[in-house]
Ligand SMILES: Cc1cc2nc3c(=O)[nH]c(=O)nc-3n(C[C@H](O)[C@H](O)[C@H](O)COP(=O)(O)OP(=O)(O)OC[C@H]3O[C@@H](n4cnc5c(N)ncnc54)[C@H](O)[C@@H]3O)c2cc1C
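Numbering (the working numbering), first residue to last: 1012 to 1421.
This is the structure:
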């Protein structure tokens, strides 16, 4: 298998293309946008966070989620209108509660492995993506949430991650810009943050230098596999569904299509129950000196609101979070953006928030919160998708795993 089609030019598609091109495969990436990383990989929280590897399949999280459903400004929102997709996803989510510990440990291991690949690639390819290796600080307002974090730390440690408890005084030393009253925090010094979109652009260019071909503006309308060859039917993006398609042939295909992977998989006889879990971000331009001084440099995770923040270069602060179960809907709702702006105003009151750039993206989330990496039902169909809330954190490792698998099958 030498010629490989990769469907999707988000972070998973770009890392897959790079890992395959490095091994000498003839790679063609199909992406319906004009550039890499324009969908969920565009303006995420920016965290490379092994410390956020805890999967959500646990009774306390489910209980919390049910309480949140009663509150309008809560981090979780579920559209009550039932759909088979949503119901089957939640049923599978609950059935994965027994795997909470093992999946948290496995995610931690993957995240640690991914970090090393990512740093190596960025150095080799000279990619500037506003990387800040100053750790990630999780903070807690209550004793019970802090104690729960202590239990999670044990699972993270079993996966190989060290993080340490810090007092409110130590938190202020670590991040002097942070105001507010806290019970305590956990600092993961090995975690980092940066701009995923910039990184994806840089790595796509590096993959091109290694010989990968990127076909932008191409909408993949169908993928067919005979077991030994793959046919990809494409159209220029934005042409009507009825327009005739052109077909290209490959030895194998890797599906990295984010929330669209589910329907492509179904057409190839595979079931990937990915649900689009919407999240929001704001990017605050730090245009004046006072805002730059008042903004945090250390990447943060606020446990109560589930919001994260990352400083991108000198003049941008990204704040992201919330989980909304509302189908394939990318509308930016003002009432979901407001809590993000309020969060900046309450913790970093000196930052000017007159102008913020809002964004919404759909996390491709599997019910067990684990990415799907490996072969499908057909011999030459592969998946590297379903990375949910940790796509950037995990993608370099899963791309390497997938590329190793393809190489071993040669
Ligand atoms: C608010 C928010 C905050 C987040 N914060 C973090 C964080 O701090 N750290 C972290 O690690 N992760 C974070 N994530 C998760 C992370 O951003 C995602 O897991 C990741 O971007 C998913 O990448 P992907 O390549 O799977 O999907 P995408 O980036 O969506 O890429 C899929 C690509 O496939 C293309 N495509 C789909 N179908 C077709 C087709 N038929 N033809 C052609 N092209 C097609 C799409 O156009 C798209 O570009 C966050 C997500 C959100 C929403």
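Cβ atoms here follow ideal geometry from the backbone N, Cα and C, with glycine treated the same way.
Quick caveat, the model's predicted, so the values are computed rather than measured.
Alpha carbon of residue i to alpha carbon of residue j, nearest angstrom
{"i": "residue 1342", "j": "residue 1288", "result": "13 Å"}
{"i": "residue 1029", "j": "residue 1225", "result": "11 Å"}
{"i": "residue 1144", "j": "residue 1205", "result": "9 Å"}
{"i": "residue 1280", "j": "residue 1409", "result": "22 Å"}
{"i": "residue 1080", "j": "residue 1088", "result": "6 Å"}
{"i": "residue 1230", "j": "residue 1340", "result": "19 Å"}
{"i": "residue 1364", "j": "residue 1321", "result": "16 Å"}
{"i": "residue 1284", "j": "residue 1096", "result": "8 Å"}
{"i": "residue 1370", "j": "residue 1292", "result": "5 Å"}
{"i": "residue 1072", "j": "residue 1239", "result": "44 Å"}
{"i": "residue 1260", "j": "residue 1402", "result": "29 Å"}
{"i": "residue 1055", "j": "residue 1212", "result": "15 Å"}
{"i": "residue 1263", "j": "residue 1207", "result": "27 Å"}
{"i": "residue 1191", "j": "residue 1173", "result": "26 Å"}
{"i": "residue 1160", "j": "residue 1237", "result": "49 Å"}
{"i": "residue 977", "j": "residue 1178", "result": "Nothing can be reported for residue 977, as the shown portion of the chain is limited to 1012 through 1421."}
{"i": "residue 1015", "j": "residue 1265", "result": "7 Å"}
{"i": "residue 1346", "j": "residue 1187", "result": "30 Å"}
{"i": "residue 1209", "j": "residue 1067", "result": "29 Å"}
{"i": "residue 1059", "j": "residue 1121", "result": "12 Å"}
{"i": "residue 1175", "j": "residue 1112", "result": "20 Å"}
{"i": "residue 1065", "j": "residue 1418", "result": "31 Å"}
{"i": "residue 1350", "j": "residue 1253", "result": "42 Å"}
{"i": "residue 1189", "j": "residue 1017", "result": "43 Å"}
{"i": "residue 1385", "j": "residue 1397", "result": "12 Å"}
{"i": "residue 1302", "j": "residue 1153", "result": "29 Å"}
{"i": "residue 1389", "j": "residue 1235", "result": "10 Å"}
Identity of the residue in the options nearest residue i by Cα
{"i": "residue 1242", "options": "1257, 1213, 1121", "result": "1257"}
{"i": "residue 1098", "options": "1303, 1338, 1246", "result": "1338"}
{"i": "residue 1151", "options": "1197, 1163, 1142", "result": "1197"}
{"i": "residue 1426", "options": "1106, 1185, 1180, 1229", "result": "Residue 1426 lies beyond the stretch modelled for the chain, which goes from 1012 to 1421, so this question has no answer here."}
{"i": "residue 1233", "options": "1239, 1227, 1244, 1240", "result": "1244"}
{"i": "residue 1299", "options": "1397, 1383, 1073, 1362", "result": "1362"}
{"i": "residue 1366", "options": "1135, 1301, 1295, 1134", "result": "1295"}
{"i": "residue 1164", "options": "1062, 1018, 1255", "result": "1062"}
{"i": "residue 1379", "options": "1118, 1046, 1023, 1387", "result": "1118"}
{"i": "residue 1356", "options": "1306, 1070, 1315", "result": "1306"}
{"i": "residue 1116", "options": "1167, 1415, 1331", "result": "1167"}
{"i": "residue 1267", "options": "1393, 1074, 1335", "result": "1393"}
{"i": "residue 1316", "options": "1352, 1034, 1101", "result": "1352"}
{"i": "residue 1086", "options": "1391, 1387, 1336", "result": "1336"}
{"i": "residue 1129", "options": "1100, 1022, 1094", "result": "1022"}
{"i": "residue 1200", "options": "1147, 1252, 1250, 1158", "result": "1147"}
{"i": "residue 1203", "options": "1171, 1162, 1141, 1216", "result": "1141"}
{"i": "residue 1218", "options": "1153, 1132, 1251, 1247", "result": "1132"}
{"i": "residue 1139", "options": "1033, 1384, 1216", "result": "1216"}
{"i": "residue 1282", "options": "1100, 1070, 1360, 1333", "result": "1100"}
{"i": "residue 1044", "options": "1223, 1250, 1389", "result": "1250"}
{"i": "residue 1334", "options": "1195, 1090, 1057", "result": "1090"}
{"i": "residue 1031", "options": "1214, 1108, 1314, 1083", "result": "1214"}
{"i": "residue 1269", "options": "1399, 1137, 1134, 1069", "result": "1399"}
{"i": "residue 1155", "options": "1075, 1108, 1102, 1227", "result": "1075"}
For residue i, the three-state DSSP class (helix, strand or coil)
{"i": "residue 1396", "result": "strand"}
{"i": "residue 1173", "result": "coil"}
{"i": "residue 1407", "result": "helix"}
{"i": "residue 1058", "result": "strand"}
{"i": "residue 1066", "result": "coil"}
{"i": "residue 1334", "result": "strand"}
{"i": "residue 1225", "result": "strand"}
{"i": "residue 1347", "result": "helix"}
{"i": "residue 1094", "result": "coil"}
{"i": "residue 1283", "result": "coil"}
{"i": "residue 1052", "result": "coil"}
{"i": "residue 1189", "result": "coil"}
{"i": "residue 1153", "result": "coil"}
{"i": "residue 1164", "result": "helix"}
{"i": "residue 1232", "result": "strand"}
{"i": "residue 1388", "result": "coil"}
Beta-ladder partner(s) of residue i, from DSSP
{"i": "residue 1143", "result": "1204"}
{"i": "residue 1329", "result": "1294, 1321"}
{"i": "residue 1016", "result": "1039, 1264"}
{"i": "residue 1289", "result": "1335, 1373"}
{"i": "residue 1257", "result": "1245"}
{"i": "residue 1311", "result": "1148, 1320"}
{"i": "residue 1194", "result": "None; residue 1194 has no bridge partner."}
{"i": "residue 1368", "result": "1294"}
For the pair the segment 1358-1378 and the segment 1034-1051, tell me if three or more CB-CB distances fall below 8 Å. Two segments are said to touch when three or more pairs of C-beta atoms, one from each, lie closer than 8 Å; by this definition the segment 1358-1378 touches the segment 1034-1051.
Examine the Cβ distances between the segment 1317-1328 and the segment 1272-1287 and report whether three or more of them are shorter than 8 Å. Judged by pairs of C-beta atoms under 8 Å, the segment 1317-1328 does not touch the segment 1272-1287, as fewer than three such pairs exist.
Touching or not, the segment 1123-1140 and the segment 1398-1407, by the rule of three or more beta carbon pairs under 8 Å? Cβ pair count under 8 Å is three or more, so yes.
Decide if the segment 1180-1190 is in contact with the segment 1031-1044; the criterion is three or more beta carbon pairs, one per stretch, under 8 Å apart. Counting Cβ pairs under 8 Å, fewer than three are found: no touch.
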